[in-house]
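Q: First the structure, then my questions, so here it is.
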Amino acid sequence: MSASDSARARHPAQLHVERGAGETRIALAGRLDVDAVGAIWTPAVDAARAARGGRLVVAAGGLESLDGAGAALLATLEREAQGAGARVSIEGLRAELAALVAMLRPSPGAAVAPPHEPGFFADLGRATLQVVADLRAQVAFIGELTVFLARTLRRPGTLRWRDAIAIADRAGIGAVPIVVLVGFLLGLILAFQGAIPMQRFGAQIFVADLLGISMLRELGALMAAILLTARSGSAFAAEIGTMKVNEELDALGTMGLEPVRFLVVPRVLAAIAVVPALTMLTNVAAMLGGLVVFVQLGFPPVTYFTRLLEAVTLSDFVSGLVKAGVFGVLVAAIGCLRGMQTGTGAQAVGASTTSAVVSGIVLIAITDGIFAVVYYVLGI
Amino acid sequence: MPAANDPIIRVENLTARYGARRIFDRISFEVLRGEVFVILGGSGSGKSTLLKHMIGLYQPAEGHVWIDGEDITRAEGDARRRLLRKIGVMYQSGALFGSMTLLENVRLPLEEFTDLPRPALDAVASSKLRLVQLEGFESFYPAELSGGMKKRAAIARAMALDPEILFLDEPSAGLDPVTSVELDETILALAGTLGVTFVVVTHELASIYKIADRVIMLDQRTRGIAASGPPEVLRDAARDEWVRRFFRREAEPKDAGGRQA
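In order, the protein sequences belong to chains A and B.
Residue numbering for the first sequence follows our numbering, starting at 41 and increasing by one per position.
Residue numbering for the second sequence follows our numbering, starting at 70 and increasing by one per position.
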């Protein structure tokens, strides 16, 4: 060994490869540990593969020590050379080190079949079945929820009022600051963006109409529902999902307490109460934001309010609130459903939270479209 | 009046599948009224799955579970509720409701299923906590308790409505040996004084010798029952060699088997 002691401390393992006729010799020396093995892994394995068809001798007599990573290298050399059709022998390895290498040899029949057969068609089939199962679960869930909601309306005593009020407090009162902020900014921006092109036609005064109608009919409910999805739909999924992982849903079930009645109904009722209220708040905040722009354009505030009252009708107001109530049901229900569908483990809770928000927003968009058509047909 | 020693649970040709994989296949056994019955088996042998079938959480691929003459696997509506009133379950993790105090946890089934006035609810609930030596912890939340206390509280909740059968899923999992022994003593005391039938899933041998009247051992190779009987009998005279070994090996320090040889 020519290397000095200090160099050996930095490069503890040494590799020397000799290729003879029909025989490859890999000599290993020094301390073959997890810090050193990286430097020689690739050349050693390449040399073992190159022994194709011949004989591979791994001379391990010079090894001072060997840890798990070093033993893995020896086992890999053996496997690679055998895979390339070579005969392998490891020579000079001390008995206790040889035992470590032996533990890493694959045992025959140890291969475990993967849980699913891979392949495009198998994946496609599984995905299709999953979509069908998910749809069926949603329909069953809607049915169960409807039954329990109806039962609660008939006998309000069966509702856990304390839970429902606590949830409404968290989902509603807790959302007030963000709803006011977003509503105010939305009104401000909408009025400002609208005022610029309108100014060219001297029609700035109609900014009030634009804001009033678009907020009351459409944007107020939409914003409030999306904020509820982000704040509370996700929270419902995470809460119920964690309960599922902790077997708390099973515990409810074996106590004879239906999770839908116990967990979902209070949340859905809280959402029905909260989303229309938040919608009104969004609208008021947006009107105030619009007022700021209106005053900047040089009009007196009273003109703004007069225009607003002329532009919007009661049906604009009510149609927005009805929509908000429906959005509330959807967001709360999908959040709870995703929570109840949670698989096992912490990762599953994260997945169902994400899924609650995505499904919630998709449902809001689709339902909003349906409402637009229905309101148009009804002439509202 | 049901006689002691008549079967309270009858499992008949029960088969469970997970996808194409069979967990267990056509197993049958009976649990007698008032006994402590242990379901034993290695990890992955389907003990917990069997328990979840017996409490009606899972639908079997085939077979029946009769509890007091009614099939819990087919029961629905009122029949199912009536059956569920007869059983209490302690889950492996305790499954206490994290947003409620211990007292609220135990009071919940009482609130939902009885017409007791509020002071009576509280009194009954705290008496159940006293039964599992958790007096004084009424206003604690589950997160503030140790693992052993959580399991004891879960037993108190499972007993809230005085069920006839208590199912315990791995009561000693994750507990230190001393706490585990204390829990065993709680189980024995309850079985002795209240005459409750216990069905316990475990693989803790020391605990089995202490509490079990009878044991069945699931076999993951045959997907059936490898052996059944009192633990001492299985240790000395089970037909299957590996069952005898299983019962002896881990009980070596405690039992007399080593000295007899």
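Ideal Cβ positions, reconstructed from N, Cα and C, are used throughout, including at glycine.
Predicted, not measured: the structure shown is a model, and the values here were computed from it.
1) Since residue 356 of chain A meets chain B, which of its residues come closer than 9 Å, beta carbon to beta carbon?
2) Mind pulling the chain B residues with CB within less than 7 Å of residue 288 of chain A?
3) Residue 271 of chain B and residue 240 of chain B - do their beta-carbons sit closer together than 9 Å?
4) From residue 271 of chain A to residue 167 of chain A, what distance separates their C-alpha atoms?
5) Residues in the same chain with beta-carbon distance under 8 Å from residue 401 of chain A, minus the five sequence neighbours each way, listed in chain order, please.
6) I'd like to know if the region 276-287 of chain A and the region 162-172 of chain B are in contact, where contact means that at least 3 CB-CB pairs between them fall below 8 Å.
7) In angstroms with no decimal places, state the Cα-to-Cα distance between residue 275 of chain A and residue 122 of chain B.
8) Flag this pair as yes or no: are the beta carbons of residue 99 of chain A and residue 73 of chain A separated by less than 9 Å?
9) Given that a residue counts as buried once 16 or more other Cβ atoms are within 10 Å of its Cβ, and exposed if not, what is residue 96 of chain A?
10) May I ask you to verify whether the region 82-97 of chain A touches the region 120-131 of chain A, counting CB pairs closer than 8 Å and requiring at least 3?
11) Buried or exposed: where does residue 328 of chain B fall if 16 or more other Cβ atoms within 10 Å of its Cβ makes it buried?
12) Buried or exposed: where does residue 269 of chain B fall if 16 or more other Cβ atoms within 10 Å of its Cβ makes it buried?
13) Please list the segments of the beta strand (DSSP E) lying wholly inside the region 224-270 of chain B, counting only runs of 3 or more residues, in order along the chain.
14) Within the chosen definition, does the region 358-373 of chain A reach the region 299-315 of chain A through at least 3 CB pairs nearer than 8 Å?
15) Examine chain A for any beta-carbon lying closer than 9 Å to the beta-carbon of residue 158 of chain B, and answer yes or no.
16) If you measure beta-carbon to beta-carbon, which residues of the region 118-138 of chain B are closer than 9 Å to chain A?
17) 9 Å is my cut-off, CB to CB: does residue 221 of chain A come that close to chain B?
18) Would a check of beta-carbon distances place residue 42 of chain A closer than 9 Å to chain B?
19) Count Cβ pairs between the region 294-304 of chain A and the region 387-402 of chain A that sit closer than 8 Å; are there 3 or more?
20) Where does residue 165 of chain B sit, in a helix, a strand or coil, going by DSSP?
21) With distances taken from CA atoms, which of A:327, A:62, A:342, A:84 is nearest residue 54 of chain A?
22) Leaving out five residues before and five after residue 208 of chain A in sequence, what residues of the same chain have Cβ atoms less than 6 Å from its Cβ?
23) Using the Cα positions of residue 114 of chain B and residue 92 of chain B, report the straight-line distance between them to the nearest angstrom.
24) At a Cβ threshold of 9 Å, is residue 164 of chain A touching chain B?
25) Please name the residue, chosen from A:81, A:206, A:374, A:277, that lies closest to residue 117 of chain A on a Cα-to-Cα basis.
26) For residue 297 of chain A and chain B, any beta-carbon pair shorter than 9 Å?
27) Which same chain residues end up closer than 6 Å to residue 69 of chain A when comparing Cβ atoms and leaving out the 5 residues on each side of it in sequence?
28) Residue range of the beta strand (DSSP E) that residue 85 of chain B falls in?
29) Answer with buried or exposed for residue 104 of chain A, where buried requires no fewer than 16 other C-beta atoms within 10 angstroms of its C-beta.
30) Closest Cβ-Cβ distance between residue 178 of chain B and chain A: below 9 Å?
31) Does chain B have any CB closer than 9 Å to the CB of residue 294 of chain A?
32) Using 10 angstroms around the beta-carbon of residue 182 of chain A, count the other beta-carbons present and answer buried if the total reaches 16, otherwise exposed.
33) Once the 5 residues before and after residue 94 of chain B are set aside, which same chain residues still bring their CB inside 7 Å of it?
34) Report the CB separation of residue 232 of chain A from residue 328 of chain A in whole angstroms; it is logged as a contact under 8 Å.
35) Output needed for residue 341 of chain A: all residues of its chain with C-beta closer than 8 Å, excluding positions within five of it in sequence on either side, in chain order.
36) Residue 303 of chain B bridges to which residues according to DSSP?
A: Walking through what the data contain:
1) Counted from its first residue, the first sequence places residue 356 of chain A at position 316. Those do not exist, as residue 356 of chain A stays about 40 Å from chain B at its closest Cβ, beyond 9 Å.
2) Within the first sequence, numbered from 1, the residue matching residue 288 of chain A stands at position 248. Those within 7 Å of residue 288 of chain A in chain B are 164, 166.
3) Here the question's residue 240 of chain B lines up with position 171 in the second sequence. Here the question's residue 271 of chain B lines up with position 202 in the second sequence. Yes, Cβ-Cβ distance for residue 240 of chain B and residue 271 of chain B is below 9 Å.
4) For the purposes of this step, residue 271 of chain A is taken as the residue at position 231 of the first sequence. For the purposes of this step, residue 167 of chain A is taken as the residue at position 127 of the first sequence. If I take the Cα positions, the gap works out to 30 Å.
5) Position 361 of the first sequence holds residue 401 of chain A. The residues are 266, 269.
6) yes
7) Within the first sequence, numbered from 1, the residue matching residue 275 of chain A stands at position 235. Within the second sequence, numbered from 1, the residue matching residue 122 of chain B stands at position 53. Between residue 275 of chain A and residue 122 of chain B, the C-alpha separation is close to 31 Å.
8) In the first sequence, counting from the first residue as 1, residue 99 of chain A sits at position 59. In the first sequence, counting from the first residue as 1, residue 73 of chain A sits at position 33. Going by C-beta atoms, residue 99 of chain A is not nearer than 9 Å to residue 73 of chain A.
9) Residue numbering aside, residue 96 of chain A sits at position 56 when the first sequence is read from its first letter. Flag for residue 96 of chain A reads buried.
10) yes
11) Translated into positions along the second sequence, residue 328 of chain B becomes position 259. Summary for residue 328 of chain B: the model assigns pLDDT 35, below 50, so the residue's position carries little reliability; its value from the coordinates is reported in the next sentence. That one is exposed.
12) Indexing the second sequence from 1 puts residue 269 of chain B at position 200. Counting Cβ neighbours within 10 Å, residue 269 of chain B comes out buried, since at least 16 surround it.
13) 234-238, 266-270
14) yes
15) Residue mapping note: residue 158 of chain B aligns to position 89 of the second sequence, counting from 1. Chain A contact via Cβ: present.
16) 121, 124, 125, 126
17) As a position in the first sequence, residue 221 of chain A is number 181, starting the count at 1. No, residue 221 of chain A lies away from the interface with chain B (no Cβ there is under 9 Å from its Cβ).
18) Sequence index remark: in the first sequence, residue 42 of chain A carries index 2 (1-based). Residue confidence for residue 42 of chain A is low, a pLDDT of 46 falling below 50, so the modelled location carries little weight; the figure read from the coordinates is stated next. With 9 Å as the cut-off, residue 42 of chain A does not count as an interface residue toward chain B.
19) no
20) The sequence position of residue 165 of chain B within the second sequence is 96, counting from 1. Here residue 165 of chain B sits in coil by DSSP.
21) Translated into positions along the first sequence, residue 54 of chain A becomes position 14. Of A:327, A:62, A:342, A:84, the residue nearest in Cα terms is A:84.
22) Residue mapping note: residue 208 of chain A aligns to position 168 of the first sequence, counting from 1. Excluding positions up to five away in sequence, the list reads 310, 313, 314.
23) For the purposes of this step, residue 114 of chain B is taken as the residue at position 45 of the second sequence. For the purposes of this step, residue 92 of chain B is taken as the residue at position 23 of the second sequence. Rounded to the nearest angstrom, the two C-alpha atoms are 7 Å apart.
24) Walking along the first sequence from the start, residue 164 of chain A turns up at place 124. No - not a single Cβ of chain B is within 9 Å of the one on residue 164 of chain A.
25) Residue numbering aside, residue 117 of chain A sits at position 77 when the first sequence is read from its first letter. Of the candidates A:81, A:206, A:374, A:277, the one whose C-alpha sits nearest the C-alpha of residue 117 of chain A is A:81.
26) For the purposes of this step, residue 297 of chain A is taken as the residue at position 257 of the first sequence. Taking Cβ atoms only, chain B reaches closer than 9 Å to residue 297 of chain A, which makes this a yes.
27) Sequence index remark: in the first sequence, residue 69 of chain A carries index 29 (1-based). Counting only Cβ-Cβ distances below 6 Å, and skipping sequence neighbours, we find 54, 102.
28) For this step, residue 85 of chain B is matched to residue 16 along the second sequence. From DSSP, the beta strand (DSSP E) with residue 85 of chain B extends over 76-87.
29) On the first sequence, residue 104 of chain A is found 64 positions in, with the first residue counted as 1. Exposed is the call here.
30) Here residue 178 of chain B refers to the residue found at position 109 when the second sequence is read from its first residue. Chain A contact via Cβ: present.
31) Counted from its first residue, the first sequence places residue 294 of chain A at position 254. Yes, its Cβ sits closer than 9 Å to a Cβ of chain B.
32) Against the first sequence, residue 182 of chain A aligns to sequence position 142. Label assigned to residue 182 of chain A: exposed.
33) Your numbering for residue 94 of chain B matches position 25 in the second sequence. 84, 292, 293, listed in sequence order.
34) As a position in the first sequence, residue 232 of chain A is number 192, starting the count at 1. As a position in the first sequence, residue 328 of chain A is number 288, starting the count at 1. Between residue 328 of chain A and residue 232 of chain A the Cβ distance is about 14 Å, and since that is not below 8 Å, they are no contact.
35) Along the first sequence, one-based indexing puts residue 341 of chain A at 301. Cβ neighbours of residue 341 of chain A beyond the five flanking positions: 331, 334, 335.
36) The sequence position of residue 303 of chain B within the second sequence is 234, counting from 1. Answer by DSSP bridge pairing: none, since residue 303 of chain B is not bridged.
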